[in-house]
Amino acid sequence: TILEQINDLPQYGYAVLNHLYVNPGLEEDFERIFLNRDKHLRNTKGFENLLFLKPHRTHEHYVIITFWHDEVAYKHWQASQEYKASHKNRGTRQGADKSIVNRKLSFNISLELK
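Here it is as structure tokens:
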């Protein structure tokens, strides 16, 4: 289920898929925190699209996919002040802390779309 979509899906570029395992019973907390986050992507050079996908069953991963013009644009985002601001609460009670997201069961995949 798509919980959030920013922009239309691109046909080419660079995609980063973050698979986040949310501890059972904390799904609503995770969704609320993510949907109410500071949103710095919209004006980021090279950003194309974001999809926030909810699993259909417990014990499955949420997937947050960001699409970029290319890998360089994504790397610039990771090095930016906007990235730091967006992720400043990661792992804390104000963000999706380790009681909500199990980082040991989470992973990401990056790939180029041609």
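Under our numbering, the first residue of the sequence shown carries the number 398, and numbering increases by one thereafter.
The beta-carbon is built from N, C-alpha and C at its ideal position, and this holds for glycine as well.
- Judged by DSSP in its simplified three-state form, Ala-412 adopts strand.
- Pairwise C-beta distances place the region 466-478 out of contact with the region 422-434, as fewer than three of them are shorter than 8 Å.
- Secondary structure note for Leu-432: its alpha helix (DSSP H) is the uninterrupted segment 424-432.
- CA-to-CA, the gap between Leu-508 and Tyr-411 works out to about 6 Å.
- With fewer than 16 other Cβ atoms from the protein chains shown falling within 10 Å of its own Cβ, Phe-504 counts as exposed.
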